[in-house]
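Q: Input: one structure, supplied below.
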């Protein structure tokens with residue numbers, strides 16, 4: 134195809150060697166060294182494949198459940214094993230399949246879709262993939278040794294407290310899952326910054342594909358929801374390991390605290406899973422219909438609205454805990470409200486189908502979308518039913534809920550995921566078989582309905598959840614048998630699908646690869662090999678490929694922006710968050726081993742703690758630390774390298790180095806602060822919640838006192854001093870004298886550490902002891918969180934000092950100091966808030 | 005299949021469907037919720053049919069006809085206006101039902117304490133004095149409002165008698181309250197619905213609604229000391245009970261045994277089930293339970309006495325317990 138003469142920012146033909154240089158920079162390590170690769174085009178598909186592996190593994194557990202319940206009174210597995218099996222089925226599906234799967238698809242697809250060569254922190258993406266892979270497999274393997282968690286995926290204390298669960302099964306969950314949350318959060322930060330800062334020129338927020346919106350909201354929700362479960366897990370682990378009574382009522386704790394924290398994570402979790410899937414559907418439907426999505430802005434509003442409302446729904450899981458009906462009615466209303474944006478999207482998809490210029494082809498992706506609509510609408514309607522308080526009093530914790538949640542999750546997430554698999558396979562590799570795909574679809578679709586529809590009825594016939602068998606004579610036999618037959622159908626379908634993937638899918642594609650088989654309009658269909666786009670087009674429409682039919686050949690010839698490497702390294706174009714105006718050319722990480730070491734160390738550190746092998750944990754912790762420091766030392770803050778500026782075409786000249794608020798890493802640090810701040814807010818909430826349930830005269834309870842004010846004031850002053858020191862260090866970094874900022878940093882480290890010690894001593898003087906009463910436990914819980922931050926802050930301080938002493942820090946090359954300063958200021962602010970709360974609040978009480 | 009659990013054969017007791025379902029209400033609260041449920045089922049089915057109809061129309065109708073549907077107006081009408089109106093109506097209606105269900109119907113309800121324990125239920129009648137204690141069986145008078153005071157002795161449980169009302173959790177450190185009223189006599193089954201450990205599956209019980217006079221007689225009998233053994237075998241059984249140390253965990257009213265760890269056995273012979281809803285009560289099941297409690301319900305707190313007791317002693321103690329009616 135010849136290229137039309139409409140003006141493109143760069144002239145053709147491109148200079149010789151330009152493409153070769155680009156290819157050389159982005160080349161992949163060969164053979165086993167591929168493990169060190171961080172590029173999204175490798176990590177993304179491997180991430181997806183791993184998620185599918187966990188779907189299979191958790192699915193096998195589901196089949197064990199259905200086999201056991203096929204007839205009343207079967208004992209294929211003993212009760213203890215059964216309880217581990219259903220706990221692991223839920224836990225693995227939620228934490229090791231659903232969340233990683235949607236994150237994985239985003240990592241694989243987003244760069245292409247937003248016209249980026251790469252996401253801003255590829256090593257972070259690879260790190261989160263590796264800890265998930267290693268940690269997840271070991272976590273799953275605990276089942277083989279009978280040490281898998283057995284308290285349900287929601288892990289309610291006091292059943293999971295030391296007294297009732299003395300084994301390490303619970304610790305496996307708290308530590309094993311706790312750190313996999315770190316993977317989810319790391320991935321979320323990468324996606325947020327990627328979407329906001331790596332879009333192609335001209336892709337304003339309003340031209341961004343709906344999928345990018347969905348992922349942006351999904352990732353933001355992860356940042357605000359997941360800290361709650363990390364805090365809950367930390368508190369329960371502190372209770373189990375050190376006897377701090379957060380959840381034990383005889384010492385002022387309350388098991389309800391767990392439920393509030395857990396569901397504050399757990400309910401948004403449902404939408405965390407659903408929103409990306411809805412985003413996929415909003416991409417696939419227009420391609421299938423050959424028509425633009427109807428009501429783009431309404432869909433964006435619906436996604437944002439769902440994100441907000443989902444944080445007001447956690448009590449839905451607690452309707453039967455004795456919360457007064459008046460309070461429940463607010464949550465019921467919120468539950469109704471959240472169904473509107475989901476329903477709205479259903480109508481958007483129907484309207485978009487209706488708009489089709491041609492007859493819809495019932496290809497495999499289209500079938501999965503229609504199957505999704507059928508199943509998800511049922512799940513949505515039963516969802517409204519269970520937000521009706523009195524109905525939920527009956528339906529709660531019965532098989533009706535099991536049916537509902539599987540309709541929502543299989544309908545709302547698994548079917549769109551499979552649609553996405555068939556739809557996008559040609560964009561990252563080779564196309565899958567339509568014949569096998571359709572067979573798989575029908576087996577999965579019928580299997581889902583045959584398995585789960587009868588569960589509505591068995592629930593209403595009185596069958597509770599989480600029982601390993603059921604008696605005869607209550608009318609449950611037939612429904613359970615049908616469910617089990619359906620499960621076998623579903624399993625067959627999943628097998629056919631996996632067979633198709635294994636048989637036909639290759640990363641990078643095969644000879645028969647079709648470039649854009651669905652004639653879609655968005656940019657992921659432009660994406661080439663490792664380096665992504667050959668050149669990056671100016672985006673002028675939501676469907677660039679429909680807007681400019683010449684785009685593909687132009688892009689591939691290198692006629693658009695940035696068709697080269699400016700500094701001879703892997704680079705990304707960083708643009709402004711709203712208007713996507715290019716701002717600078719950023720270095721992005723390439724293959725390396727430090728993040729691999731960090732990932733292995735982190736995973737084995739947590740798993741050694743479970744055992745608990747403390748020496749091994751110390752060794753692995755140290756390895757992880759070495760990995761992190763090596764990763765930063767060798768892979769970040771290079772300062773200016775190569776030419777200071779580059780002309781990316783069309784007269785746009787961009788700097789190749791930046792520091793301060795414009796950088797992607799600054800944005801990532803802000804995200805980290807949001808995560809930490811949310812977690813700290815959960816701790817403050819826990820402190821106040823426990824005060825509330827303890828009633829008058831118990832804060833502090835007899836025997837414990839108030840923290841010593843003079844030491845608290847000392848801590849406050851030292852924290853303030855540390856803040857001042859780091860600010861002075863930043864000011865004086867460029868003053869030409871080497872010693873000023875070093876001295877300031879050293880003083881800052883001393884003040885920060887001193888502040889923490891004074892902070893803790895004030896509590897100890899109270900006296901406030903953590904094991905006596907929840908008052909002490911919650912105060913020390915806040916302190917532990919602060920101490921972890923101070924420890925990291927001190928480490929960062931010494932790291933920065935070392936950078937300075939080895940000549941890696943200066944007036945220009947100052948990213949390290951700018952970023953640690955942010956973290957320091959956050960830590961100091963957090964410490965001050967904690968001091969005000971712990972010293973001030975109990976003194977204000979009458 | 006390794007083995008079929010033998011007790012399931014014995015569950016023939018009352019095994020007619022309809023005794024553990026919200027769809028067959030036996031009392032005021034459950035009846036109101038059942039009506040609401042049917043409104044939801046019928047409404048939900050209608051909306052589902054409507055949405056699928058629209059989808060089919062969008063896919064299969066002639067191009068000109070269906071394209072008229074591909075507008076923002078259709079989305080606003082179907083996706084915002086319609087659900088807002090429907091859900092507002094549902095909200096008003098359901099809040100009304102919610103209020104009516106929890107509204108106290110009487111100033112003077114009969115109070116019954118139910119304490120959830122791994123994996124059985126302790127039931128106390130505080131209005132009738134200290135001694136009115138039973139286990140795994142909740143008796144209540146027909147037509148009178150009952151206030152259940154729900155608490156836990158260990159982990160979180162949840163009480164559910166679907167024919168009377170929805171669930172209410174039993175949470176350590178708290179007392180939850182629920183009002184129920186049975187409108188006709190008969191036995192219904194209840195079950196724990198909050199996962200509470202390895203034998204959550206077999207934490208069930210019977211709720212027996214009785215005519216007031218019959219209930220009063222039952223309650224009086226619960227408080228009375230148990231009768232002296234009537235036969236030599238029963239006397240032997242009573243002796244074995246003491247020698248085997250059963251009284252350390254179990255109370256038998258009017259005897260020296262006042263253990264509180266296990267279910268009160270004062271009138272165990274009259275109860276519909278043993279093992280918390282697992283088996284019909286007679287000397288055979290009692291003997292089986294005492295000998296093999298850990299085979300029948302692995303992980304429950306009752307030790308298995310199969311290797312400790314001679315078979316004649318086992319039979320004797322079972323016969324004595326059966327006589328406690």
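Chains as they are written, first to last, in my numbering: chain B, 134 to 979; chain U, 5 to 329. Glycine included, C-beta positions come from ideal geometry on N, C-alpha and C. Since the model is a prediction, treat every value here as computed from it, not as a measurement.
Give the straight-line distance between the Cα atoms of residue 315(U) and residue 207(U), rounded to the nearest whole angstrom.
A: For the purposes of this step, residue 315(U) is taken as residue 311 along the second chain, with counting starting at 1. For the purposes of this step, residue 207(U) is taken as residue 203 along the second chain, with counting starting at 1. Computed Cα separation, rounded: 28 Å.
Q: With a cut-off of 7 Å, does the C-beta of residue 529(B) fall near any C-beta of chain U?
A: Along the first chain, one-based indexing puts residue 529(B) at 396. Closer than 7 Å: yes.
Q: For residue 904(B) and residue 290(B), what's the separation of their Cα atoms in angstroms?
A: As a working mapping, residue 904(B) is identified with position 771 in the first chain. As a working mapping, residue 290(B) is identified with position 157 in the first chain. Computed Cα separation, rounded: 17 Å.
Q: Please report whether the beta-carbon of residue 55(U) lies at a distance below 7 Å from any beta-carbon of chain B.
A: Sequence index remark: in the second chain, residue 55(U) carries index 51 (1-based). So, interface residue.
Q: Find out if the Cβ-Cβ distance for the pair residue 508(B), residue 468(B) is shorter than 7 Å.
A: In the first chain, residue 508(B) corresponds to position 375, counting from 1. In the first chain, residue 468(B) corresponds to position 335, counting from 1. No, the pair does not count as a contact, with Cβ atoms beyond the cut-off.
Q: Output the distance between the C-alpha atoms of residue 814(B) and residue 274(B), rounded to the nearest integer angstrom.
A: Taking the first chain and counting its residues from 1, the one referred to as residue 814(B) is at position 681. Taking the first chain and counting its residues from 1, the one referred to as residue 274(B) is at position 141. Taking the straight line from one Cα to the other gives about 34 Å.
Q: Put residue 158(U) into one of helix, strand or coil per three-state DSSP.
A: Taking the first residue of the second chain as position 1, residue 158(U) is located at position 154. The answer is coil: DSSP assigns residue 158(U) none of H, G, I, E or B.
Q: Using a cut-off of 8 Å between C-beta atoms, extract the partners of residue 160(U) located in chain B.
A: Position 156 of the second chain holds residue 160(U). Going along chain B in sequence order, the residues near residue 160(U) (Cβ under 8 Å) are 289, 291, 292, 388.
Q: Hey, is residue 83(U) close to the ligand FAD, as in C-beta under 6 Å from one of its heavy atoms?
A: Among the components of this structure there are no ligands whatsoever, and the ligand FAD is therefore not found.
Q: So, with DSSP's three-state summary, where would you put residue 71(U)?
A: Here residue 71(U) corresponds to residue number 67 of the second chain, with the count starting at 1. Residue 71(U) falls in the helix class under three-state DSSP.
Q: So residue 855(B) and residue 884(B) are supposed to be a Cβ contact under 8 Å. How far apart are they, rounded?
A: Reading the first chain from its first residue, position 722 is the one you call residue 855(B). Reading the first chain from its first residue, position 751 is the one you call residue 884(B). Their Cβ separation, rounded to whole angstroms, is 4 Å, which keeps residue 855(B) and residue 884(B) in contact under 8 Å.
Q: Indicate whether at least one CB of chain U lies closer than 7 Å to the CB of residue 286(B).
A: As a first step, residue 286(B) must be located in the first chain, where it is residue number 153. No, because no Cβ of chain U sits closer than 7 Å to the Cβ of residue 286(B).
Q: Kindly list the residues whose CB is nearer than 8 Å to the CB of residue 778(B), restricted to its own chain and excluding five residues on each side of it in sequence; keep chain order.
A: Within the first chain, numbered from 1, the residue matching residue 778(B) stands at position 645. 786, 787, 788, 789, listed in sequence order.
Q: Measure the C-alpha to C-alpha separation of residue 319(U) and residue 291(U) and round it to an integer number of angstroms.
A: Within the second chain, residue 319(U) is the residue found at index 315, counting from 1. Within the second chain, residue 291(U) is the residue found at index 287, counting from 1. Approximately 6 Å between the Cα atoms of the pair.
Q: If we count the other Cβ atoms within 10 Å of its Cβ and call it buried at 16 or more, is residue 89(U) buried or exposed?
A: For the purposes of this step, residue 89(U) is taken as the residue at position 85 of the second chain. That one is exposed.
Q: Quick check on the DSSP output: what are the complete alpha helix (DSSP H) runs of length 4 or more inside the region 642-693 of chain B, in order along the chain?
A: Complete alpha helix (DSSP H) runs here, min 4: 677-680, 684-690.
Q: For the region 601-618 of chain B against the region 576-587 of chain B, are there 3 or more C-beta pairs whose distance is under 8 Å?
A: Touching, yes, given that three or more Cβ pairs across the two stretches are closer than 8 Å.
Q: When the distance is taken between beta carbons, is residue 212(U) closer than 7 Å to residue 154(U)?
A: The residue you call residue 154(U) lines up with position 150 of the second chain. The residue you call residue 212(U) lines up with position 208 of the second chain. No.
Q: Where DSSP assigns a beta bridge to residue 180(U), which residues make up the other side?
A: Position 176 of the second chain holds residue 180(U). Its beta-bridge partners are 154(U).
Q: In chain order, which continuous runs of the alpha helix (DSSP H) of length 4 or greater are located wholly inside the region 62-143 of chain U?
A: Fully enclosed alpha helix (DSSP H) runs of 4 or longer: 67-71, 76-80, 86-106.
Q: Can you give the Cα-Cα distance for residue 515(B) and residue 537(B), rounded to whole angstroms?
A: Looking up residue 515(B) in the first chain gives position 382. Looking up residue 537(B) in the first chain gives position 404. In a straight line, the C-alpha of residue 515(B) is about 6 Å away from that of residue 537(B).
Q: Go ahead and pull the three-state DSSP assignment for residue 24(U).
A: Looking up residue 24(U) in the second chain gives position 20. In this structure, residue 24(U) counts as coil in the three-state DSSP scheme.
Q: What's the C-alpha gap between residue 247(B) and residue 936(B)?
A: Here the question's residue 247(B) lines up with position 114 in the first chain. Here the question's residue 936(B) lines up with position 803 in the first chain. For residue 247(B) and residue 936(B), the distance between alpha carbons rounds to 35 Å.
Q: Anything in the region 121-145 of chain U with a Cβ closer than 9 Å to a Cβ of chain B? List those residues in chain order, please.
A: Those residues of the region 121-145 of chain U that come within reach of chain B (Cβ to Cβ, closer than 9 Å) are 122.
Q: Would you kindly report the start and end of the unbroken alpha helix (DSSP H) that includes residue 323(B)?
A: Stepping through the first chain from its first residue, residue 323(B) is reached at position 190. Where residue 323(B) is concerned, the enclosing alpha helix (DSSP H) stretches over 302-330.
Q: Taking the alpha carbon of residue 708(B) as the point to measure from, which residue in 780(B), 796(B), 570(B) has its own alpha carbon closest?
A: Counted from its first residue, the first chain places residue 708(B) at position 575. Selected option, being the one with the closest Cα: 796(B).
Q: Less than 7 Å between the C-beta atoms of residue 979(B) and residue 895(B), yes or no?
A: By 1-based counting over the first chain, the position of residue 979(B) is 846. By 1-based counting over the first chain, the position of residue 895(B) is 762. Cβ distance not < 7 Å, so residue 979(B) and residue 895(B) don't count as in contact.
Q: Where does residue 278(U) sit, in a helix, a strand or coil, going by DSSP?
A: Your numbering for residue 278(U) matches position 274 in the second chain. Correct three-state label for residue 278(U): strand.
Q: I need the DSSP call for residue 212(U), collapsed to helix, strand or coil.
A: As a position in the second chain, residue 212(U) is number 208, starting the count at 1. Residue 212(U): strand per DSSP, three-state reduction.
Q: Starting from the beta carbon of residue 298(U), find every residue of chain B whose beta carbon is closer than 9 Å, and list them in chain order.
A: Residue mapping note: residue 298(U) aligns to position 294 of the second chain, counting from 1. Result: empty, since nearest Cβ-Cβ is about 11 Å, beyond 9 Å.
Q: Return helix, strand or coil for residue 419(B), following the three-state DSSP convention.
A: Translated into positions along the first chain, residue 419(B) becomes position 286. Residue 419(B): helix per DSSP, three-state reduction.
Q: Less than 7 Å between the C-beta atoms of residue 522(B) and residue 474(B), yes or no?
A: Your numbering for residue 522(B) matches position 389 in the first chain. Your numbering for residue 474(B) matches position 341 in the first chain. The answer is no: Cβ separation not under 7 Å.
Q: Determine which residues share a DSSP beta bridge with residue 361(B) and list them.
A: If you number the first chain from 1, residue 361(B) lands on position 228. BP columns for residue 361(B) are empty, so no partner.
Q: At a CB-CB cut-off below 9 Å, which residues of chain B make contact with residue 302(U)?
A: Indexing the second chain from 1 puts residue 302(U) at position 298. Simply 211, 212, 213.
Q: Would you say residue 686(B) reaches chain U, if we count a Cβ-Cβ gap shorter than 7 Å as a contact?
A: Your numbering for residue 686(B) matches position 553 in the first chain. Closer than 7 Å: no.
Q: Quick one: complete alpha helix (DSSP H) runs, 4+ long, within the region 570-640 of chain B?
A: Here the runs fully enclosed are 610-637.
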